[in-house]
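Heads up, the thing below is written out as structure tokens.
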Amino acid sequence: MDPERLIQCPYDKNHQVRACRFPYHLVKCRQNNQKIAKELVACPYNARHRVPRQELNMHMSVCENKVSPELEGVRWGTNNRTKEATAWQCPPSQEDWEADADEAPAPPFIFGTRAYVRINQEQ
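If you want it as structure tokens, here you go:
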């Protein structure tokens, strides 16, 4: 989609908005036209589509953003190939944090002191 293409606002037919600014305009124009906003509903396939409530079923049947059921299964991971790809599991970790802590214990934290300075001075 061309970001500079002009799109007509569903709340005010006199508004022509660039495609890149259209989502922001919808929010602002909906707040300014609450009476019209109550009559319009968002398309489930594209939230930028606002249609009268009575025409929603007709719009959904012809919407250009409608996805076929076959593609919808691939998109949401309901096909077999996706299940096979997600069967991988992470190998167990070789790290032992308790053993590392026993080898080089950190100095105790005392608020308001600089323990790291004392350690450096002892060495």
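Numbering-wise, this note's numbering puts 129 at position 14 of the sequence shown, and it's gapless, one number per residue. Here a beta-carbon is modelled for each residue, glycine too, at the ideal position from N, C-alpha and C.
For ILE151, the enclosing alpha helix (DSSP H) begins and ends at 149–152. Under DSSP, GLN131 shares a beta bridge with GLN123. With contacts defined by Cβ atoms closer than 8 Å, PRO118 and ARG165 do not form a contacting pair. In this structure, CYS135 lies away from CYS158, with their beta-carbon atoms at least 8 Å apart. Counting along the chain, no alpha helix (DSSP H) covers VAL182, and no H or E run does either.
Close CB contacts of ARG145 within its chain, under the 7 Å cut and outside five residues either way in sequence, are with TYR126 and ALA152 (chain order).
According to the DSSP assignment, ASN161 belongs to no alpha helix (DSSP H), since it is labelled neither H nor E.
Taking the Cα positions, ALA221 is about 29 Å away from PRO206. For the set ASN148, ILE122 and ASN147, the Cα lying nearest the Cα of PHE137 is the one of ILE122. As the crow flies, the alpha-carbon of PRO223 is around 18 Å from that of ALA214.
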